[in-house]
Structure formats: C-alpha cells, structure tokens
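Student: Shown below is the structure under consideration.
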Ligand SMILES: NC(=O)c1ccc[n+]([C@@H]2O[C@H](COP(=O)([O-])OP(=O)(O)OC[C@H]3O[C@@H](n4cnc5c(N)ncnc54)[C@H](O)[C@@H]3O)[C@@H](O)[C@H]2O)c1
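Numbering (the numbering used here), first residue to last: 6 to 366.
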C-alpha cells in the first residue's frame, strides 16, 4: 500500500460533498482527507458519475462496481449501494482482497451476514460497517459511564425513531420492499438499536420479541410492491436481565416534542429517543443529559464531554476505518458487532412474522 489509501466508492450521489466523511467540504470545494486518494467512483446511473462536480474528484468512473473492483487500482471500497446489494458487493470486494466500509444495515438478514463473515475471516481486507452515531461524543460518553458503573446497574433502555404520518412512505422504491432490505427495522431500527446497545456496552442478547405492521400502504406510490414493515414495537432481552424496548416507524399518527433548534415549529415530525436507565442514574443520550440525584429529588446535568473528539461523526468514522487498516487492528464498528446486530434485527423480524418470541442462540 502506498502512503495514501486508494479509495473507490460504489454508489455515489451528486450532493454528497463530504463523500461520507472521506473528504471535508470547504467553501465550494471538497478536499479529501490527508490519508485518502480518491481513485474511482461507480454508479449504475451514468448521470451520477459523469458531468457532476463529484466526477472531477476521481481519476476513473464506472457504472458497474465489479468492473471498478477489477480494473481500478484500489486498496479499499466504500459501499453505499441500496441495502439488497450490500452482501454481494461486500463479498466481491473482500474476495478481491480489498478493505470494505459498508453502509448500514450490514446485510438484509443474519444468514447473509454469516456468509459475509465467512469470507471476511479469510480475506486480507478489513471489514467495517457504517454506524456514524457511535462517534458522537454523547454516545461515547454514555458508554464510558456505563463501563465505569456511574449509572449503577443499567437494567432498562429505550430507543425510538418515529416519523409522522406517511412522511417517508411516498416514492420510496426499494425501501418499501421487504425482500430488498426495505422495512423500518433495517432502515431506522438499525440505528436506534445499535446506538442503545452500544451505549449499554454491548450486552449479550438472548431473546427478542416484536410486533410489526404495514400500516401506511395506502400512501405508497405503488401499493402493489409495498411489502415493508413500516412500524415495529419490540423488546430485546439480554443475558444480564436488562431489556431494550424499541419503537420505530416510517409513518405514525403522532408528533414529537418541539425541537429547540426549530422554535417556529410547534412539534417535530421526525424525532428520536435514546435513553438508558440505571439504579444510580439515567441518561438521555439524544438530549445529552445525565439524570441522577438524592432519592427524594432529581438533578439534570449535561453529559460530561470527557475530551472525546467532536466534529463530524462521518469524518471520525472514516478516520477509524483508516486507523484500523493502518494498524491492522479491529475497527470500532467490527465484524462481530455486525453479526450481533443482524442477529437481533433478523430475530425481531422473525418474531413479527411468527408472533412469538425468538431465542437467540
Ligand atoms: N448511515 C446513514 O445515516 C444512511 C443514510 C441514508 C442511507 N443509508 C444507507 O445507504 C444505502 C444507500 O441508500 P440510498 O438512499 O442512497 O439508496 P439509493 O437507492 O439512492 O442508491 C444509492 C446509489 O447507488 C446507486 N446504485 C443503485 N444500484 C447500483 C448498482 N447495481 N451499481 C452501482 N450503483 C448503484 C444509485 O444510483 C444511487 O446513486 C442504504 O443501504 C441505506 O440504508 C445510510
């Protein structure tokens, strides 16, 4: 490998002017990170790779990612293709000996993830998946407090990501098709579950239960192909006895609390909740608050920053990918974490279908 990591991007959309954190937008230009050489970009839509401003950043462009892997001189590939292509594209890159950073969800199912893991374990390429909020100072601080026992025993957590009414349903292509990785669990749920699970310091999941609904078919552009779950209510039980309760919805007849950054809007139509509850204290990660105090009153304090690097979580994530490759160590968003995450997500989907709890062995 030369000094700079030679990067290819599979799936590139005009307007992504930080290239998933591998570049920094400055004025009207986009400057790659010091360690990165932007070698090739690929998109099945010609107009996305030809004639766009992004095009000028790359040496070569392709419309077929397999051709890019074969012909371009690459060390690593960022896969930001639709979810149903993650498994095959990751395997193709790893088999070519390339390092892979793949968008979330890592795959469509746990079985697909097992196939990826098999190849990843015998490839010289590193595997990492995208989950940028792990790099937020609030999430890092929450996890450290759990590790240090500052919350006492964390016995319960809550994760929600809700969008009002049919907000995300209209014109949604593959996202509304279950078989192609559509569905709220694989889109919003993967973020919400991973954030709480990571902050809880990744306890071992042993059982999941969920109810899934397709409640907004009537708003779909093509109701005939709309098969995705758009709402899920579930619970994950951990070996320690702790539980994580979840609610995710692409659309729901609900609004969220007013966003302080948008005082002109009386309520939010897209909001997240991520909270941990311990015997000594609780955390509201989204608000960045620690809740504790003497038994008869409550104190609310900002979560301590503890010197974690701030800045774009995407850039921090890109730097972590580069660090893991350079030092030949396991990245924060590791293969084992992807396996555990996909096990929980597939279990929840199975539970929704069978209407029974699923034991995770
Ligand atoms: N981390 C996050 O916060 C975040 C946010 C949005 C999307 N995502 C994930 O990113 C992925 C892509 O989502 P999207 O909304 O950009 O999807 P999309 O349907 O817009 O596709 C992304 C790009 O891939 C291109 N593409 C499609 N098929 C291709 C092929 N066979 N070969 C080459 N290029 C192809 C499309 O033309 C498009 O430019 C999904 O897996 C999604 O879950 C993650």
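Ideal placement from N, C-alpha and C gives every residue a C-beta, glycine not left out.
(1) Tell me which residue opens and which closes the alpha helix (DSSP H) that residue 325 is part of.
(2) Just checking residue 234 against ligand 1 - is the residue's beta carbon closer than 7 Å to any of the ligand's heavy atoms?
(3) Can you find a heavy atom of ligand 1 that lies under 7 Å from the Cβ of residue 192?
(4) With a threshold of 8 Å, are at least 3 pairs of Cβ atoms found where one atom belongs to the region 346 to 353 and the other to the region 150 to 166?
(5) Residue 292 and residue 195 - do their beta-carbons sit closer together than 8 Å?
(6) Among 280, 21 and 46, which residue has its Cα nearest to the Cα of residue 34?
(7) Under the criterion of a Cβ to heavy atom distance below 7 Å, does residue 16 qualify as lining ligand 1?
(8) Under 7 Å from any heavy atom of ligand 1, does the C-beta of residue 91 make it?
(9) Along the chain, where does the beta strand (DSSP E) that runs through residue 306 open and close?
(10) How about residue 186 and residue 113: are their beta carbons less than 8 Å apart?
(11) What alpha helix (DSSP H) runs, 4 residues minimum, are completely inside the region 25 to 65?
(12) So what does residue 363 bridge to, in DSSP terms?
(13) When every heavy atom of ligand 1 is checked, does at least one fall within less than 7 Å of the C-beta of residue 35?
(14) Can you tell which of 166, 286, 141 and 120 has the C-alpha that lies nearest to the C-alpha of residue 261?
(15) Note down the Cα distance separating residue 73 from residue 67, rounded to an integer number of angstroms.
(16) Rank 211, 203, 52 and 254 by C-alpha distance to the C-alpha of residue 222 and give the top, closest one.
(17) Quick check on residue 205: does DSSP put it in helix, strand or coil?
(18) Closest to residue 158 by CA distance: which of 288, 311 and 40 is it?
(19) Is any heavy atom of ligand 1 found at a distance shorter than 7 Å from the C-beta of residue 226?
Tutor: The relevant details are as follows:
(1) Position 320 of the chain shown, counted from the first residue, corresponds to residue 325. Element bounds for residue 325: 318 to 332.
(2) To locate residue 234, count along the chain shown from 1; it is residue 229. Outside the cutoff, so no.
(3) Counting from 1 along the chain shown, the entry for residue 192 is found at position 187. Checking every heavy atom of ligand 1 against the Cβ of residue 192, one is found closer than 7 Å.
(4) No, the region 346 to 353 does not touch the region 150 to 166.
(5) On the chain shown, residue 195 is found 190 positions in, with the first residue counted as 1. On the chain shown, residue 292 is found 287 positions in, with the first residue counted as 1. Going by C-beta atoms, residue 195 is not nearer than 8 Å to residue 292.
(6) If you number the chain shown from 1, residue 34 lands on position 29. Nearest of 280, 21 and 46 to residue 34, Cα basis: 21.
(7) In the chain shown, residue 16 corresponds to position 11, counting from 1. Yes, the Cβ of residue 16 comes within 7 Å of a heavy atom of ligand 1.
(8) Taking the first residue of the chain shown as position 1, residue 91 is located at position 86. Flag set: Cβ of residue 91 near ligand 1.
(9) Numbered from 1 along the chain shown, position 301 holds the residue referred to as residue 306. Counting along the chain, the beta strand (DSSP E) containing residue 306 begins and ends at 304 to 307.
(10) Walking along the chain shown from the start, residue 186 turns up at place 181. Walking along the chain shown from the start, residue 113 turns up at place 108. With contacts defined by Cβ atoms closer than 8 Å, residue 186 and residue 113 form a contacting pair.
(11) 51 to 54
(12) Here residue 363 is taken as the residue at index 358 of the chain shown, counted from 1. Beta-bridge pairing links residue 363 to 213.
(13) The residue given as residue 35 occupies position 30 in the chain shown. False, no ligand heavy atom lies under 7 Å from that Cβ.
(14) If you number the chain shown from 1, residue 261 lands on position 256. Out of 166, 286, 141 and 120, 166 has the C-alpha closest to the C-alpha of residue 261.
(15) Taking the chain shown and counting its residues from 1, one reaches residue 73 at position 68. Taking the chain shown and counting its residues from 1, one reaches residue 67 at position 62. Between residue 73 and residue 67, the C-alpha separation is close to 6 Å.
(16) Position 217 of the chain shown, counted from the first residue, corresponds to residue 222. Considering only alpha carbons, the answer is 254.
(17) Translated into the one-based positions of the chain shown, residue 205 becomes position 200. Note: residue 205 maps to coil in three-state DSSP.
(18) Locating residue 158 in the chain shown gives position 153, where the first residue counts as 1. With distances taken between Cα atoms, residue 158 lies closest to 288.
(19) As a working mapping, residue 226 is identified with position 221 in the chain shown. Residue 226 Cβ: outside cutoff for every heavy atom of ligand 1.
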